[in-house]
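A quick write-up on the structure given underneath.
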Amino acid sequence: MNLLEVQNLNTYYGESHILRGVDLTVNSGEMVCLIGRNGVGKTTLLKSIIGLLTPRDGEIIFDGRSIQRISPHERARSGIAYVPQGREIIPYLTVEENLLLGMEALPGGLNKNKKIGSFIYDLFPILKQFLARKGGDLSGGQQQQLAIARALLGKPKLLLLDEPTEGIQPNIVQDIESAVRQIIVQTGIGVLLVEQHLHFVRKSDRYYAMQRGGIVSSGQTNQLSKAVVEKFLSV
Amino acid sequence: MSLSLLELNNISVSFEGFLALNKLNLTLQQGELRAVIGPNGAGKTTFLDVITGKVIPNSGEVIFKGNSILGIREHRIARLGIGRKFQSPRVFEKLTVYENLALSVSKPKRPWSTLFGKLNKIQRDQINHLMNIVNLQSRSNISAGLLSHGQKQWLEIAMLVGQDPDLLLVDEPVAGLTDEESDLTADLLKSLSGNHTILVIDHDMEFIRRLESPVTVLHQGHVLCEGSMSDIQIDPQVIEVYLGQQEEGSK
Amino acid sequence: MQLILESLFNGLAIGSVLLIAALGLAIVFGLMGVINLAHGELMMLGAYSTYVTQLIFKLTPLKQFYNSYVIVSLVVAFVVTAVVGIVLERSIIKRLYGRPLETLLATWGVSLILQQFVRSVPLAYASGLICTILIGLIFHIILPKNSLTYSQARIAKVSSWVFSILLGLLSANWLSSSISKLGRASARNVDVTAPSWMRGGFDLWNITFPVTRIVIIVITIIAVFSVTWFLKQSVWGMRIRAVTQNRSMSECLGISTETVDVLTFGIGSGLAGIAGVAVSLLGSVGPNVGGNYIVGCFMVVVLGGVGNLLGTIIASFSIGIMTDLIGAGRLLTIWPDMPAPLATTVDFFATTSMARVLIFALIVAFLQFRPSGLFPQKGRMVEG
Amino acid sequence: MSITKRLFVGLSTIALGASITACGGSDQSTSCVDCDDQVTVGILHSLSGTMAISESTLVDTEKMAIEEINAAGGVEVGGKKYEIKYIVEDGASDWPTFAEKSKKLIDQDKVPVVFGGWTSASRKAMLPVYESKDAFLYYPIQYEAQECSNNIFYTGATPNQQSEPATEFMFKRSPAAGKPFFLVGSDYVFPRTSNTITIEQVKSLGGEVVGEDYLPLGNTEVAPIIAKIKKALPNGGVIINTLNGDQNVAFFKQIQDVGITPDNGYYVMSYSIAEEEISTIGPEFLAGHYGAWNYMMSINTPASKKFARNFKKRWGSDRVVADPQESAYNMVYLWKAAVEKAGTFDDNEVRKALIGVKFDAPQGPVEVMPNHHLSQTVRIGQITSGGQFKILESTNGPVLPQAWNQFEPSSKGYACDWTDSKKGERYPL
Amino acid sequence: MKNSFTNKRLFSFLVWAAIIAAIIAAPSILPVFRLNLLGRYLSLAIVALGVDLIWGYTGLLSLGQGIFFALGGYCAAMFLQLNSATNFPNQIPEFFGLYGVQQLPFFWEPFRSSLFTLLAIWIVPASVAAILGFLVFRNRIKGVYFSILTQAALLVFFNFFNGQQKLINGTNGLKTDVTLLFGQMVGSDSMQRYFFWITAVLVILAWFFARWIVRDRFGNILIAIRDDEARVRFTGYNPTLFKTIVFAIAGGLAGISGALYTIQSGIVSPQFMTVPFSIEMVIWVAVGGRGTLLGAILGAVIINYAKSLVSEALPASWMFIQGGLFILVVTALPEGVLGWMQSDGPRNLLSRLGVRRPLSTYPGLEERGKDEVKL
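Protein chains in written order, with the working numbering: chain A, 500 to 734; chain B, -15 to 235; chain C, 5 to 388; chain D, 228 to 656; chain E, 44 to 418.
Right, dumping it as structure tokens:
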């Protein structure tokens, strides 16, 4: 059984048809990458999966049940974590509080889970020294690490990552990449990644290429041809 | 050698410590069509905000037709001849297509003249002309809110042209458009250039290519490089910005 | 020196009433962008709760605890107004998020209805109604959700409401029979009498400090501190702040934004109830008691800067001190030989009613220079 | 959210509101058994809004008086017995509404008389209506006078029937005799005018008024006023209080806290605190202070006792009667007497007949004077801890009303007499 | 599309025909009292038109229209007072005697002239509105802040007028009924009948005026400001000026309305500047349909008429009904009754009730209602 199955999804922004009949699957323990240039609907797809946007038709099946009728926070509690583009750190909350909020998705929520798992500091050691800082004061890269850490604290079954390396220094990109890989290996969760950096794309198992709101190509990443890259990623 | 219409010198803008624009320099010549691309967060929208007076830069200079326009209020900058099309189409949805255009065409823009004055023949002709250009003449009495997404984009471009600005700033005109619509938009912009100076921001490469114009690449708040589309495509810096580290890709 | 001290105390006393009244409003406005014109009527409900509590404590079995009824009434008023607020949020406000002007009009309608409600419905029955809602909601929460199958759940729900209606009727009946004053619909204002220990004042440095005022200042301080603590330290406070700062991301993290809305509005309303207790100690309790405060409260919130607790505090105390300085004619006492034209002007405004005119005019003038108040809100604006 | 559901929510709100009020609006009334015909009069007081609190007691009293008259055989005019019916209109505490409803009662319902009003502002708003339509209003509240309309009949006290004797008492015979005065009132016409008179009177008595202040209606923050009083009267004195309704509660509660009490030499004389208000404010805050009225519930005469007893019987044992109610009660009876004297319901005839009509009121005998006011007995009382007035002084028989005050410079030397066409509204004495 | 367009015209033509027929028939059908009521409510329609201009079209929710309404009323009443004062020395109105004022305050003097009064009735409120508006709009204060500020301004004016007995007779206000004008008492039936006609004519004129304001580009700019002020600025217009002008116009209309209302109700008092009254003005427009001028007129007249009928029958229930109306309109009919009817509301309701709705001609129509105007 697939962890996530998206069938014939159509999403509109007002009147503009953004997603046009998207089909996609993600399995546990698998990293799936969504490629395509800016503005082709990758973010819209992730938002439709987490529930921030309501598709006009189509179906989203997660962990065996249809979820398109339930609200985002229930989707989060059922095991989908979302790291949006631009990180969306809660700016005036401290790093620690931001991390704590990640555990809201666990059973019992924040009331029962008050201790931040130390595995997070193993993955992102830098967070430990900034616990008392305001989330909004961190640099972009730190915020990105915080956002991923926050998502992981909810022990999700599926992680949605939207351009985690965008606008981030190369050395941190390395850290993030290895952290994500490590998590998949250790916990066996599924990851759906939106990425433009080929380097990161190559680390994933499968890819879907999007253009103008639809999936135009898909397959194993190791079979990702230069032609496809030229067509969908380069300038 | 024509006079440069717009010059941005060393513009820097920071928002609460985050540097949105970093010593940006850019010059536009009269009648030029210029495309600006760049990854998300490169500062494209902020750069338009600076030109139109919405954001006042921390340092640097904006010279339009030889005069500095820093600190002038938005509606005055608009009257000086800079028009802007927003990212998502912002037309006045409760007004009809004709009324939308009438607002942009009418001059002067003081309250009394809009209350007492009437549009003259030239202006009415111009509105019809504009509706012809963007193919909306059959919809002239329909509320703009009822138009399709693409039609709204065109209406907004038409409104922009109707303002008769010397400089048109066009932000993401083809977001959410079909292939056919975006091709039409490119043709429209091309046909407008020459009479107008146009700056287009978009990240649809198909569309930018079709514009056949010089391209400026923004990255992290400054200009990474400028050149024709074919030059840009092989520029290693640009490829890095767009594709990540090169060595992986070339393997 | 004594003059300044007295003025300061007076300003503090006036300001603390304003602050406690504006606190709930500031929270609801600042965190949720809702203009709650029914805030004054929620205060009124708080004041009436105090009155009912007081009457219950006058009954024989409770008479020995009479002196502590004010403390009990704080709890009662908070719970009652919070419940009414929650009902309001669920039924009307939730449809209007993001449209502050609409919330303004709708809550005005609510305030009219609440005002006329207390005029036309005997207090005993109003209390019974509130009992019903309260008990019904408690059942709703404590009934185990998953242990029942769907059809049984429905039966349980219905029967719990029936049961709570019965309890509500019983309590209404009991109230109207044992306290005859509550059994009749009356628009007449009623009075809350402070227990003896809260009456009078004590003298220090030739100034009399009324105990009631000091109690109100203490209530205000406790309320401000608890709100601050709740928002900054508690788990729910963290959720509330997260939702305020980034609603959609909070939702994606698993926070039920609906619950947060209910809670925030409930707390804001509950604070109105506490303000109602404070106000009832100073004056009479009547259908209009809250309406008298509402515009002043909005001025506090706007002057302080929306969404800024510190601004609200400073704004209310500055308005308090100004009221005392101008209204009590103290400016002339402090500076007896000011130039004649100025003195005439000061004298002109040195009546309570003209002081109000001047203070509001000054606030409007101040907002010319600082349109967003003393402490402009950063980040997500509550834009109209 | 579907539109139908929204509609449902809104409509049910309205329906709920309507049903609540519909239930509350029932009324019983005693009918006249052997009456031949009916006559309908108008009652116009605030049933909603801020003034509803006070004015609804007048409606109760007027209804009671009408029922009493009906039970006793109605009004007898030209050999026919008429049962009195009434239409109650709501002035909604809004002065222009009083004018509107007056027009309605006069033009639409064609009532021969309207009993109504409480605040001076409402009377001032109604006055032009009655004058322009030459209709007749009976107004029951003690007021500032300086008015003498041919179309209004005033059964409340004028200042010389309430505040003047009170001021004199405070200055000459109270424990604070000779001490300075401070005047506190709500910010509207009665307190302002009444205080103007008091200032002149205190001056002529040789005393001193050291300050006055007015609280905006609806504002209950009395701290600045209290500060002023403490400053102006450091060693005790007389406070003349003309605050309105609920502002009194705030005032008395808070002056007691800062030690402005009879024990410390501060005595408050109030002109708008009657038994109803005492029970609302709480006698513990008022004991030892003073009030001046024509009627006090503690008057120990059969007429007074019967009035109080009947009222309690009709409206509930916890109810009290007070001066404004007595006034309202009197005016219904006076109208009846005048109609019977005139032998017709015609306004103009009744108006003429009215002057000189005597009535044995709960307060004692009263008589209608040519200036459309009543001669009344004045009583000064001290508030007891039991919530009643202990009557300290009462005038020797009724005091004649002065429509134009004789202390106020602009009206000094004028009087009003509607029996003499040469004199009229305002003539020099 | 065209079809529904003509339907709309037909609809408003029918409504207008009905209104004019009603106005013409009213004096002969209605008793004097009801006619007078109708006249007053018609005069309220003028202030409602102003509210519609600033709120319905421009998106400025003013809770302080009572200021301008009362100012107009005071101007009219001062004129009438000065012309009625015969029984006092110095020719000053009698109420001054109550407070011992001997000298007419200076600002009363010009009101001896009827021409000045006719101008002042609308110029004074309009100027006050212009000043107030300019100060507020210049700082780009909008939305709820604007509403709260106008409410505060209302209280300032209320307290001032209420407290100034010696200048303007405080709480009591100024009465107008017993003044002689053209040899007749203002409050008399025949005069009131004239005032009814004057009001009816002025309502129609005001409608034409408002119509003229909104029908062309000026009105379009107002709508544009309401929906997207920043975009207007980038199009080259200065929204501050437009807002100030329309606020002043609404103030002037309120002044005229207040003057007409005052002479027909016989009194002007600070009561006109209480908070509830100004909010009520908004609800007339909201119920009638904001952004539809006809809706504002109908809303004002019908709600007020309903109010007096209901309060005669069930005195205490009007507050419930009014409160319910507020909630109902805001949550269920944000476009008001007229707006709802014009935007195919009845048909939508029918379709919800199971009656099938004909397909719209243009696919874009499906999307309507999703992007309602948010204020």
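Positions of the beta carbon are idealized from the N, C-alpha and C atoms, including for glycine.
(request) Output yes if chain D places a C-beta closer than 7 Å to the C-beta of T349 (chain C); else output no. (result) no
(request) Can you pull the chain A residues whose beta carbon is under 9 Å from the beta carbon of R245 (chain C), in chain order? (result) Residues of chain A with a Cβ closer than 9 Å to the Cβ of R245 (chain C) are, in chain order, I589, Y591, L592, E596.
(request) Using beta-carbon positions only, say whether V476 (chain D) and I453 (chain D) come within less than 7 Å of one another. (result) no
(request) Measuring only between beta-carbons, confirm whether Y415 (chain D) sits less than 7 Å from chain E. (result) yes
(request) Determine the closest residue to Q13 (chain B) out of B:S177, B:W138, B:V118, B:S97, with distance taken between C-alpha atoms. (result) For the residues B:S177, B:W138, B:V118, B:S97, the minimum Cα distance to Q13 (chain B) belongs to B:S177.
(request) Can you give me the Cβ contacts of P153 (chain E) inside the same chain, cut-off strictly under 7 Å, excluding the 5 residues immediately before and after it? (result) F159
(message) Whole angstroms are fine: how far does the CA of V302 (chain D) sit from the CA of D254 (chain D)?
(response) Bear in mind that a pLDDT of 46 at D254 (chain D), under 50, signals an unreliable position, so the model cannot answer this.
(request) Write down every uninterrupted run of the beta strand (DSSP E) in the region 426 to 505 of chain D whose length is 3 residues or greater and which is fully enclosed by it, in chain order. (result) Taking only runs of at least 3 residues, the beta strand (DSSP E) segments lying wholly in the region 426 to 505 of chain D are 436 to 442, 464 to 469, 493 to 497.
(request) For D361 (chain D), count neighbouring C-beta atoms within 10 Å of its own C-beta (all shown protein chains included) and say buried if the count is 16 or more, exposed if not. (result) exposed
(message) Can you pull the chain C neighbours of G445 (chain D), defined as C-beta to C-beta under 8 Å?
(response) N292, G295, N296
(message) Can you tell me where the alpha helix (DSSP H) holding Q118 (chain E) begins and where it ends?
(response) Before going further, note that residue 118 (chain E) is Cys rather than Gln in the sequence given. Segment 108 to 127, the alpha helix (DSSP H) holding C118 (chain E).
(message) Assuming the contact rule is C-beta atoms closer than 8 Å, L179 (chain C) and S115 (chain C) should be a hit. Round their C-beta distance to whole Å, please.
(response) The Cβ separation is near 25 Å, so there is no contact.
(message) Tell me which residue opens and which closes the beta strand (DSSP E) that M709 (chain A) is part of.
(response) 705 to 710
(request) Go ahead and pull the three-state DSSP assignment for P554 (chain A). (result) coil
(request) Compare the beta carbon distance of S421 (chain D) and T469 (chain D) with 7 Å and say whether it is the shorter of the two. (result) yes
(request) Return helix, strand or coil for L57 (chain E), following the three-state DSSP convention. (result) helix
(request) Can you give me the start and stop residues for the beta strand (DSSP E) that G311 (chain C) sits inside? (result) Where G311 (chain C) is concerned, there is no enclosing beta strand (DSSP E), given that its DSSP letter is neither H nor E.
(request) Determine, using beta carbons only, whether T219 (chain E) and L87 (chain E) come nearer to each other than 7 Å. (result) no
(message) Using beta carbons (cut-off 7 Å, strictly below), is S200 (chain C) in contact with chain A?
(response) no
(message) Along the region 479 to 498 of chain D, where does the CB come closer than 8 Å to a CB of chain C? Name the residues.
(response) Taking 8 Å as the Cβ-Cβ cut-off against chain C, the residues of the region 479 to 498 of chain D that qualify are K480, Q481, Q483, D484, V485, G486.
(request) Using beta-carbon positions only, say whether A352 (chain D) and I310 (chain E) come within less than 7 Å of one another. (result) yes
(message) Cutting at 7 Å between CB atoms, please list the residues of its own chain near L410 (chain D), excluding the five before and the five after it.
(response) Closer than 7 Å at Cβ, skipping near neighbours: N422, T425, V436, E439, I467.
(request) Measure the alpha-carbon distance for A249 (chain D) versus V88 (chain C) and round it to whole angstroms. (result) Residue confidence for A249 (chain D) is low, a pLDDT of 42 falling below 50, so the modelled location carries little weight and cannot support an answer.
(message) I want to verify the contact list: residues of chain H whose CB lies under 7 Å from the CB of F48 (chain B), in sequence order.
(response) Of the chains in the structure shown, none is chain H; the protein chains are A, B, C, D and E.
(request) Compare the C-beta of A60 (chain E) against all C-beta atoms of chain C and say whether one is closer than 7 Å. (result) no
(request) Run through the region 180 to 267 of chain C for me and flag every whole beta strand (DSSP E) of 3 or more residues, listed as ranges in chain order. (result) 205 to 208, 211 to 214
(message) Which residues in chain B have a C-beta closer than 8 Å to the C-beta of A267 (chain E)? List them in chain order.
(response) F76, L79, L87
(message) Any beta carbon from chain C within less than 7 Å of P571 (chain A)'s own beta carbon?
(response) P571 (chain A) counts as touching chain C.
(message) Taking contact to mean 3 or more Cβ pairs, one atom from each stretch, closer than 8 Å, check whether the region 63 to 70 of chain E and the region 259 to 269 of chain E are in contact.
(response) no
(message) Taking the straight line between their C-alpha atoms, what separation do you get for F285 (chain E) and L265 (chain E)?
(response) As the crow flies, the alpha-carbon of F285 (chain E) is around 7 Å from that of L265 (chain E).
(request) Can you tell me which of B:P73, B:V34, B:L208 puts its alpha carbon nearest to the alpha carbon of A62 (chain B)? (result) B:V34
(message) Nearest by alpha-carbon distance to W361 (chain E): which of D:L274, D:D261, D:N527 is it?
(response) D:L274
(message) Going by C-alpha to C-alpha distance, which of C:I223, C:I31, C:G28, C:G44 sits closest to G295 (chain C)?
(response) C:G44
(message) Among D:E395, D:G464, D:A372, D:K579, whose alpha-carbon lies nearest the alpha-carbon of Y641 (chain D)?
(response) D:A372
(message) Against chain B, does T278 (chain E) count as a neighbour if the rule is that its beta carbon must be under 7 Å from one of theirs?
(response) yes
(request) Check whether the Cβ atoms of L523 (chain A) and V539 (chain A) sit closer than 7 Å, and answer yes or no. (result) no
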